[in-house]
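Reviewing the structure listed below.
2 protein chains.
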Amino acid sequence: MTAAKAPLRIVADGAPKGDAGGRGAAVHEAVYERLRRAIMSGQLEPGRALSVRSLAAEFGVSAMPAREAIRQLAALGALEFTPTRRVAVAHMTPRKLSELCDARLALEPALAARALTALGDDEGAREKLAAKLLSIDETLDRAIEQGDSAAYARLNSEFHFALYEAARAPVYLGLVESLWLQTGPFMRVVIGRLGTAALEDDQHKEVVEALRAGDRAKLETAIRDDIKQGMTNIARGYSSNE
Amino acid sequence: MTAAKAPLRIVADGAPKGDAGGRGAAVHEAVYERLRRAIMSGQLEPGRALSVRSLAAEFGVSAMPAREAIRQLAALGALEFTPTRRVAVAHMTPRKLSELCDARLALEPALAARALTALGDDEGAREKLAAKLLSIDETLDRAIEQGDSAAYARLNSEFHFALYEAARAPVYLGLVESLWLQTGPFMRVVIGRLGTAALEDDQHKEVVEALRAGDRAKLETAIRDDIKQGMTNIARGYSSNE
DNA sequence: GCGGTCAAAACGTGATCACAAAATACGGCC
DNA sequence: GGCCGTATTTTGTGATCACGTTTTGACCGC
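Protein chains in written order, with the working numbering: chain A, 1 to 242; chain B, 1001 to 1242.
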């Protein structure tokens, strides 16, 4: 497995989640959240070698919380182990990419539809969420124009999960998050190859329109088309190098 | 959260997986596998309180491997944490059950279809797998007749995963396994309420027939009907007590 | 420049200890 | 029997150390 030799440098891009109780977040929860964001946003490319000790040093903690965070992310498919149990960001293959695409198509339109159901007949709630998504999408468009692939990755997941979280469906959300964790690192590599200009044709405005209209079929189609568009880009990025 | 006070007693029902390298399986891997099986087969009911120390004592290991196994199973949704970070088997609600059912319907027919594709035109391979499934199903039928709910739970998952593993689709397999881990504990409770006789109408023979014939549409339908049947039973089991 | 050898460094893992917080048990009181 | 206060037990977590294995780098010979 290719082991990147550049020193580990993970840039914070958001506050860790709050705590589960009065204690404040456990250190391992904070490490998990920061590492999760780094992976999902593609700061770490597929195959990138990591270790308990290097992550502990990077986050300024001892080995224990780093180990717990690694185990958790590995269970979600974001990290994987070599034959000798070294840790690395999960690698990508064409076959795995196809699986991820199919699984996303199987789950995300349904999750979006659940979000619509959860919002119910409350047009105000739909409008509020639509406004939020539009705001994120506008910032996203600026990131594309500026060629800022890091911001693009972060905002794209922020857009989708703002919608998906509205579904109040933790089982589905957990599955979808696992898929995004496995896709994120490679997505970033692809964006680096193709440039952000290749990302302009998303279906985000269609998503927002369908949400506003309360049109379930159109929302599912928009999500499905957005996934296909994104995966088409990824496939092009794949063949452009290997 | 209801904390069961009965001492923890987890019965082994299969050998832990082999190792990833020359070292043999790590202790935490063995603990994970045993705990995973206990959860999936319903030896531990939803809401059952666990702890790092009690699991460590039960498995005769130190706290570290128990913690790693817990973290991994929690990431898969099989275990959950209380507000003060105590550990318990994930509880069930009608809403969560509905989600699990929908997610299974979204993923498992497609995974079965992938298994068929992976076997290809090799009629011999299909026949071999079909024979294996039939053998498992026959043992399953005997467990039903004998009212052995523990054996039923184990054999039912063995049947399904023998088929799903043939798909060579680790992304899908991981997602489906997570769903089964979340369903297993409650399934067992329900079987205890309704009795194994309620389980006779599965679609396993239809699955085997469709597999033999290489009939993708029928295989998907059989898996879908089997899931619906199982979930109908679960819903009945739900309303029979709460 | 390449291959082999060896020593050092790095690694994952398990064990243990300590600490603070939470849960439980117990006794007294009403 | 329930409530309250207190003491005890249990808990999760983080730190550290040790061990065995793997990896890496330096060195030497060709």
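Cβ coordinates follow ideal geometry from the N, Cα and C atoms, glycine included. The structure displayed is predicted, hence computed values, not measured ones.
For A/G21, three-class secondary structure by DSSP:
Reliability fails at A/G21, whose pLDDT of 43 lies under 50, so the model's placement of it is uncertain and no value is given.
Practice task
Please name the residue in A/A222, A/I39, A/S41 whose C-alpha comes closest to that of A/L211.
Solution key: Ranking the options by Cα distance to A/L211, first place goes to A/A222.
Just reading off the beta strand (DSSP E) that B/V1089 is part of, what are its end residues? B/V1089 -> beta strand (DSSP E) spans 1087-1089.
- First and last residue of the uninterrupted alpha helix (DSSP H) at B/E1029: Where B/E1029 is concerned, the enclosing alpha helix (DSSP H) starts and stops at 1027-1040.
Proximity test, Cβ basis, 9 Å: B/E1206 and chain A
By this cut-off, B/E1206 is not an interface position.
With burial defined as no fewer than 16 other Cβ atoms inside 10 Å of the residue's Cβ, what is the status of A/S41: buried or exposed? By the neighbour-count definition (other C-beta atoms within 10 Å, threshold 16), A/S41 is a buried residue.
State yes or no: is the beta carbon of A/Q72 nearer than 9 Å to at least one beta carbon in chain B? It does; some Cβ of chain B falls within 9 Å.
Q: Taking only the alpha-carbon atoms, compute the straight-line gap between B/E1165 and A/A125 and give it to the nearest angstrom.
A: Taking the straight line from one Cα to the other gives about 43 Å.
Taking its Cβ as the centre, do 16 or more other Cβ atoms sit within 10 Å of A/P185, making it buried, or is it exposed? Answer is buried; the Cβ neighbour count reaches 16.
**Item:** Under 8 Å by beta carbon: chain B residues contacting A/D202
**Value:** Using a Cβ-Cβ cut-off of 8 Å, A/D202 is close to nothing in chain B; its nearest Cβ partner there is about 23 Å away.
request  = For A/A151, name the three-state secondary structure that DSSP assigns.
outcome  = In this structure, A/A151 counts as helix in the three-state DSSP scheme.
**Message:** In the DSSP output, what is A/L50 paired with across the bridge?
**Reply:** Answer is A/V87, bridged to A/L50.
Taking C-beta pairs closer than 7 Å, name the residues in chain A that B/G1120 reaches, listed in chain order.
Neighbours of B/G1120 across chain A, judged by C-beta separation under 7 Å, do not exist; the nearest C-beta is about 15 Å away.
Can you tell me whether A/R67 is buried or exposed? The criterion is at least 16 other CB atoms within 10 Å of its CB, across all chains shown. Flag for A/R67 reads buried.
Item to complete: State the beta-bridge partners of B/E1080 as determined by DSSP.
Response: For B/E1080, the beta-bridge partners assigned by DSSP are B/A1088.
Inset, instruction - Work out the CA separation of B/R1071 and B/V1176 for me, nearest whole Å. - result: B/V1176 and B/R1071: Cα-Cα distance of roughly 19 Å.
### Message
Any beta carbon of chain B sitting closer than 9 Å to that of A/A166?
### Response
Closer than 9 Å: no.
Original post:
Taking 9 Å as the CB-CB cut-off, is B/A1112 touching chain A?
Top reply: False, the Cβ-Cβ gap to chain A never drops below 9 Å.
Please list, in chain order, all residues of the same chain as A/G147 whose beta carbon is under 6 Å from its beta carbon, the five residues on each side excluded. Answer for A/G147: T196, listed in chain order.
(Q) Judging by CA-CA distance, which residue of A/A90, A/Q203, A/R193, A/L79 is the nearest neighbour of A/L140? (A) The residue from A/A90, A/Q203, A/R193, A/L79 with its alpha-carbon nearest to that of A/L140 is A/Q203.
Subject >> Cross-chain neighbours of B/G1174 in chain A, by beta carbon under 7 Å >> reply: Per Cβ cutoff of 7 Å: G77.
Item to check | Test item: CB-CB of B/L1073 and A/A75 under 9 Å | outcome: Yes, they are a contact pair.
field: Residues in the stretch 1086-1117 of chain B having any Cβ partner in chain A nearer than 8 Å
entry: So the list reads K1096, E1099, L1100, D1102, A1103, A1106, L1107, A1110, given in the order they occur along the chain.
Practice item. State whether the stretch 151-163 of chain A contacts the stretch 92-104 of chain A, with contact taken as three or more CB pairs (one from each stretch) at a distance under 8 Å. Key: No, the stretch 151-163 of chain A is not in contact with the stretch 92-104 of chain A.
ask   = At a Cβ threshold of 9 Å, is A/P185 touching chain B?
value = Cβ-Cβ to chain B under 9 Å: no for A/P185.
Checklist entry - Of the residues B/Q1182, B/N1233, B/D1137, which one's Cα is nearest the Cα of B/E1206? => result When each option's Cα is compared against that of B/E1206, the closest is B/D1137.
Simplified DSSP state of A/D202, which is helix, strand or coil
Coil, per DSSP.
Problem - Nearest-angstrom beta carbon gap, B/V1189 and B/E1080 [assumed within contact, 8 Å] - result: Not quite, the Cβ-Cβ distance comes to about 16 Å (not below 8 Å), so this is no contact.
Practice item. Using a Cβ-Cβ cut-off of less than 9 Å, give me the residues of the stretch 227-240 of chain A that come near chain B, in sequence order. Key: From the stretch 227-240 of chain A, no residue has a Cβ closer than 9 Å to chain B.
task = Taking the CB atoms as reference points, tell me whether A/P109 and A/E220 lie closer together than 9 Å.
result = Cβ distance < 9 Å, so A/P109 and A/E220 count as in contact.
Expected contact under 8 Å - CB spacing of B/N1233 and B/L1179 to nearest Å
Your pair B/N1233 and B/L1179 does not check out as a contact, with CB atoms roughly 16 Å apart and the cut at 8 Å.
Q. Which chain B residues sit within Cβ distance under 7 Å of A/A169?
A. Those are E1099, listed as they occur along chain B.
Can a CB atom of chain A be found closer than 9 Å to the CB of B/L1035? Chain A contact via Cβ: absent.
Leaving aside the five residues before and after A/G24 along the sequence, list all residues of the same chain whose C-beta is less than 8 Å from its C-beta, in chain order.
-> Residues of the same chain with a CB within less than 8 Å of the CB of A/G24, apart from the 5 flanking positions on each side, do not exist.
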